[in-house]
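The structure under discussion appears below in the form of structure tokens.
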Amino acid sequence: MVEVFITDIQGKIQSDQVVCSIRDCYPELKINIDLNETEKSYPCGHTVLRVEGNTINPGKILTTVRDLGYRCVVMENKICV
């Protein structure tokens, strides 16, 4: 199972902090963050948080990221202009 989220995480230090926090709570998950889409303002300019594992609770991932002070939503299929 794979869940994809968009966030307003802006740099490597922030990314590492989020990945470590999620891994602390859910060590069985594979997690990565793509920092390439940050030139526009959030939500169209965003970073992508990808979580892979057998069982994923999107609500808990959202809460973990938001508790660190970042915006985070499940990625929807939409086109930003």
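Residue numbering for the sequence shown is 1 to 81, as defined by full-length UniProt numbering.
Glycine included, each C-beta is placed from N, C-alpha and C at the ideal position.
Note that this is a predicted model, so its numbers are computed, not measured.
Note that the C-beta distance between Val4 and Glu52 is not below 7 Å. In this structure, the beta-carbon distance from Arg50 to Asn36 does not fall below 7 Å.
If the five residues before and after Cys72 are omitted, its C-beta is found closer than 6 Å to the C-beta atoms of Phe5, Thr7, Leu62, Val65 and Arg66, all from its own chain and listed in chain order. With respect to the 7 Å criterion, Val74 and Pro58 are classified as neighbours on the basis of their beta carbons. Around the Cβ of Ile9, a 10 Å sphere holds 16 or more other Cβ atoms; the residue is buried.
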